[in-house]
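Encoded as structure tokens, the structure appears first; notes follow it.
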Amino acid sequence: MANLIFGGHKIGSSSLQFSAARGIFSEVENTTQPVGARDGEMLIRSRLKSRIIPVTYDFVALSRREFERQLAPLLYSTDVQKLIIDDRPDEFWYAKVDGKIDMDRAYFLGTGTINFLVPDGIAHSVATQTADNMPYKDVPVNLVTGSGGTFTGWSGYTSIVSWFVDTMAFAPNASSAVLAAQSFTDNSSSTVYTFSFLAKADTAGDKAHCELFGSASVSDFTLTTSWQTFTAKLTYTTMRRIYVGAAKGNKGSIYIARPKLEIGTTASPWSPNPADPEYYADTITVPNAGTYPSEPVITATINGDDGVLTAINDQGSVLQFGSPDETDGFVKQKSERVYHLDFNQTPTGVTLNNGVTAFPYYEHGNDANVQSGPFGYKDGIAYPSTQRTQSNYWNGPSMSGAIPKNSNGSNTANFQFVNRVNVDTSGPEVGRFEFNLTYQGKIVASLALFDDSPANDQLVFSGTLFDGKDAKMVFFNLLPRNYYRGGNYNAVITKMGNKLTFRLDRLDLGDGGIEPVDIGGFPAMPIDGWTAWFPGFSNQRGWSINWQDSYFEWINVDYWDDIPNRFKDGDVVKIDVANRRVLVNGFEDRTLQTIGNDWGGFKIHPSDNTIHLLTSNWAKQCKAEVSWQEAWL
Numbered sequence: 003m004a005n006l007i008f009g010g011h012k013i014g015s016s017s018l019q020f021s022a023a024r025g026i027f028s029e030v031e032n033t034t035q036p037v038g039a040r041d042g043e044m045l046i047r048s049r050l051k052s053r054i055i056p057v058t059y060d061f062v063a064l065s066r067r068e069f070e071r072q073l074a075p076l077l078y079s080t081d082v083q084k085l086i087i088d089d090r091p092d093e094f095w096y097a098k099v100d101g102k103i104d105m106d107r108a109y110f111l112g113t114g115t116i117n118f119l120v121p122d123g124i125a126h127s128v129a130t131q132t133a134d135n136m137p138y139k140d141v142p143v144n145l146v147t148g149s150g151g152t153f154t155g156w157s158g159y160t161s162i163v164s165w166f167v168d169t170m171a172f173a174p175n176a177s178s179a180v181l182a183a184q185s186f187t188d189n190s191s192s193t194v195y196t197f198s199f200l201a202k203a204d205t206a207g208d209k210a211h212c213e214l215f216g217s218a219s220v221s222d223f224t225l226t227t228s229w230q231t232f233t234a235k236l237t238y239t240t241m242r243r244i245y246v247g248a249a250k251g252n253k254g255s256i257y258i259a260r261p262k263l264e265i266g267t268t269a270s271p272w273s274p275n276p277a278d279p280e281y282y283a284d285t286i287t288v289p290n291a292g293t294y295p296s297e298p299v300i301t302a303t304i305n306g307d308d309g310v311l312t313a314i315n316d317q318g319s320v321l322q323f324g325s326p327d328e329t330d331g332f333v334k335q336k337s338e339r340v341y342h343l344d345f346n347q348t349p350t351g352v353t354l355n356n357g358v359t360a361f362p363y364y365e366h367g368n369d370a371n372v373q374s375g376p377f378g379y380k381d382g383i384a385y386p387s388t389q390r391t392q393s394n395y396w397n398g399p400s401m402s403g404a405i406p407k408n409s410n411g412s413n414t415a416n417f418q419f420v421n422r423v424n425v426d427t428s429g430p431e432v433g434r435f436e437f438n439l440t441y442q443g444k445i446v447a448s449l450a451l452f453d454d455s456p457a458n459d460q461l462v463f464s465g466t467l468f469d470g471k472d473a474k475m476v477f478f479n480l481l482p483r484n485y486y487r488g489g490n491y492n493a494v495i496t497k498m499g500n501k502l503t504f505r506l507d508r509l510d511l512g513d514g515g516i517e518p519v520d521i522g523g524f525p526a527m528p529i530d531g532w533t534a535w536f537p538g539f540s541n542q543r544g545w546s547i548n549w550q551d552s553y554f555e556w557i558n559v560d561y562w563d564d565i566p567n568r569f570k571d572g573d574v575v576k577i578d579v580a581n582r583r584v585l586v587n588g589f590e591d592r593t594l595q596t597i598g599n600d601w602g603g604f605k606i607h608p609s610d611n612t613i614h615l616l617t618s619n620w621a622k623q624c625k626a627e628v629s630w631q632e633a634w635l
């Protein structure tokens with residue numbers, strides 16, 4: 003006997019027990035058809051149908067009706083819920099009560115049957131399994147970088163004969179040692195390190211030398227003409243710097259490969275540093291112990307700039323996001339962020355209360371709206387002043403700055419202008435924010451969100467463009483207040499080719515809401531400045547608003563229409579196969595979808611699976627993790 007957990011409610015006690023007949027697997031439906039005049043038929047397809055799990059129950063109750071009333075709300079649902087039968091707490095079913103619940107009762111004892119419909123017919127694992135592309139993550143950390151590739155960061159090797167892919171060569175010197183050095187970071191309190199490396203010499207008997215800066219040197223190591231492993235115990239030094247190379251007086255060159263510095267007294271096998279490209283493999287082995295395919299979630303952390311992220315499973319299904327590396331000129335072009343305000347300190351190089359706004363006059367008269375008041379700064383957030391005086395105009399602080407041309411000398415290229423704000427507003431409050439791109443003191447494009455009536459709790463999302471003579475509003479969208487309410491928003495203006503897009507992204511209000519407005523036929527208008535304005539009206543009660551982040555970047559990468567995308571260092575890309583969604587840094591990016599992605603075929607099949615990860619041919623491999631829930635027939 004067992005208890006049930008259905009929709010998060012535990013059902014069962016000493017006086018109510020359940021027993022489930024799950025069956026071996028769902029009913030199998032086979033479709034056949036005759037072929038010509040031959041005997042028999044040919045199998046066309048076979049599929050598993052939905053499953054019914056009959057759960058019998060025994061109970062003791064003084065009142066049948068009271069028992070029914072208590073059980074009903076726990077079992078009723080309008081959609082499938084997670085069902086766990088706790089004799090197997092490791093699995094759950096997406097289930098819903100089906101048909102009539104039978105009940106027979108004699109005196110205080112009763113029994114009955116509840117039929118649960120399982121539409122997908124499959125049991126799912128409660129636990130989430132993971133696999134990643136970091137084969138060295140459980141190996142003691144190598145404190146020095148560039149120890150298995152091109153030794154990036156090593157210095158002081160002017161007398162080194164040559165560099166190989168994974169080897170340093172040191173020329174002989176009769177009067178001094180010939181050393182290469184690299185600084186390292188160690189935040190532990192260790193005072194002892196172990197340094198290991200491979201070495202050989204052109205001339206047997208020549209010697210290698212190693213030390214930590216300021217520490218007592220260990221004895222030199224005598225080499226042969228074959229590769230050997232050498233290990234040295236080195237003591238704590240105040241300057242974190244390691245030296246390795248040739249002792250003085252050698253007769254020929256010596257060679258050193260795969261140096262590893264680690265904490266403690268024991269040498270472990272060589273491994274790359276997490277900053278080295280070798281640390282991340284381009285394949286992930288995914289062992290699925292279930293008996294039915296699962297749909298994975300792939301989470302990739304981009305390591306440096308990258309133009310494309312591709313995942314290929316061993317059934318040949320492909321998911322690709324971004325521009326492929328054969329894009330013309332892709333390697334030679336990068337996006338350029340010309341300014342970034344994170345408000346961890348008071349911004350410099352900006353102007354207060356002298357910007358260009360899309361709403362210079364109050365709409366019911368000729369009263370000029372005013373840019374006035376300070377910003378306060380705390381914990382990486384800018385707080386616009388909310389002090390107002392009674393007047394017939396909008397007033398509040400503004401901040402503006404310059405946008406220089408990109409490195410190609412263009413101020414008409416593709417761009418994105420992103421501002422993050424937090425707004426808290428209710429019915430009687432009014433407020434507004436504008437984020438404007440300008441040229442020679444005129445509006446080029448303006449994104450605004452406002453509520454200008456204390457009587458109507460209505461948010462308006464609007465956009466304004468320069469029409470050749472003046473700034474004209476091109477859209478005016480009333481936003482549903484049950485969906486757009488207080489919280490964090492990204493206000494974004496992007497230009498790709500001749501298409502301008504205004505976006506208002508809800509960041510933490512659920513459902514991944516994005517409100518995009520695309521404007522086609524946008525001319526190649528120059529941009530040389532930006533303005534952000536946060537006014538309130540007169541002395542009426544205003545919004546509670548703060549400004550958290552602001553940046554503008556020129557996008558010089560060639561973008562195809564179907565994948566207008568690029569990735570930056572540290573971006574976290576989450577590929578949710580089951581829901582066919584792609585999220586970048588926690589927010590859904592619908593522009594990353596592309597025709598031809600084989601979502602339906604990208605499954606984790608029982609037994610071992612391999613997922614191959616590809617980035618641009620010039621990019622570093624990303625850090626990636628695959629997570630999945632096993633499933634059983």
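Take any residue in the sequence shown, count from 1 to its spot, add 2: that is its number in our numbering. We treat Cβ as the ideally placed atom computed from N, Cα and C, and that holds for glycine.
Residue burial is scored here from C-beta neighbours: residue 72 has fewer than 16 other C-beta atoms within 10 angstroms and is therefore classed as exposed. Across the structure, residue 220 and residue 211 are spaced so that their CA atoms are roughly 8 angstroms apart.
For the region 527-592, the full-length beta strand (DSSP E) segments reaching 3 residues or more read 531-535, 546-557, 574-578 and 583-586 along the chain. By DSSP's assignment, residue 145 forms no beta bridge with any residue. The residues 279, 305 and 306, in chain order, have a CB closer than 7 angstroms to that of residue 622 in the same chain once the five nearest residues on each side in sequence are set aside.
The Cβ atoms of residue 225 and residue 204 lie no closer than 7 angstroms to each other.
DSSP lists 448 and 533 as the bridge partner or partners of residue 438. The shortest CA-to-CA distance from residue 229 to any of 214, 238 and 198 is the one to 198.
Residue 63 carries a coil assignment under DSSP once its states are collapsed to helix, strand and coil. With contacts defined as CB atoms closer than 7 angstroms, residue 448 and residue 458 fail to qualify as a contacting pair. Only buried fits residue 296, as 16 or more other CB atoms lie within 10 angstroms of its CB. In the displayed model, residue 186 falls within coil according to three-state DSSP, outside both helix and strand. Distance from the CA of residue 498 to the CA of residue 402, rounded to the nearest whole angstrom, comes to 24 angstroms. Boundaries of the beta strand (DSSP E) around residue 614: 609-617. The C-alpha of residue 30 is placed about 16 angstroms away from the C-alpha of residue 119. Bridge partners of residue 107 according to DSSP: 112.
When Cβ pairs closer than 8 angstroms are counted between the two stretches, the region 51-69 is seen to touch the region 17-36, the count reaching three or more. Taking a 10 Å sphere around the C-beta of residue 550, we find 16 or more other C-beta atoms and assign the residue as buried. Short of 7 angstroms from the beta carbon of residue 480, and not among the five residues preceding or following it, lie these beta carbons of its own chain, in chain order: 460 and 462. Taking the Cα of residue 236 as reference, the smallest distance to any Cα among 135, 519 and 215 is reached at 215. Per DSSP, reduced to three states, the secondary structure at residue 70 is helical.
Residue 426 is not a Cβ neighbour of residue 618, given a cutoff of 7 angstroms.
Residue 99 and residue 84 have their C-alpha atoms some 11 angstroms from each other. DSSP places residue 93 within a strand segment (E or B) once states are collapsed to three.
DSSP, reduced to helix, strand and coil, places residue 200 within a strand of the structure shown.
Beta-bridge analysis with DSSP links residue 254 to no other residue. For residue 605, no beta strand (DSSP E) run applies, since DSSP gives it neither H nor E.
The C-beta separation of residue 613 from residue 302 comes to about 11 angstroms, leaving the pair out of contact by the 8 angstroms criterion. For residue 289, the enclosing beta strand (DSSP E) covers residues 285-290.
Burial check for residue 193: the Cβ neighbour count within 10 Å stays below 16, so the residue is exposed.
As computed with DSSP, residue 426 is found in a beta bridge with 546. Within the model, the alpha-carbon separation for residue 602 versus residue 122 is close to 15 angstroms. With fewer than 16 other CB atoms across the displayed protein chains lying within 10 angstroms of its CB, residue 482 is exposed. Per DSSP, reduced to three states, the secondary structure at residue 138 is coil, with no helix or strand assignment.
Closest by C-alpha distance to residue 234, out of 337, 183, 266 and 115, is 266. As the crow flies, the alpha-carbon of residue 272 is around 14 angstroms from that of residue 169.
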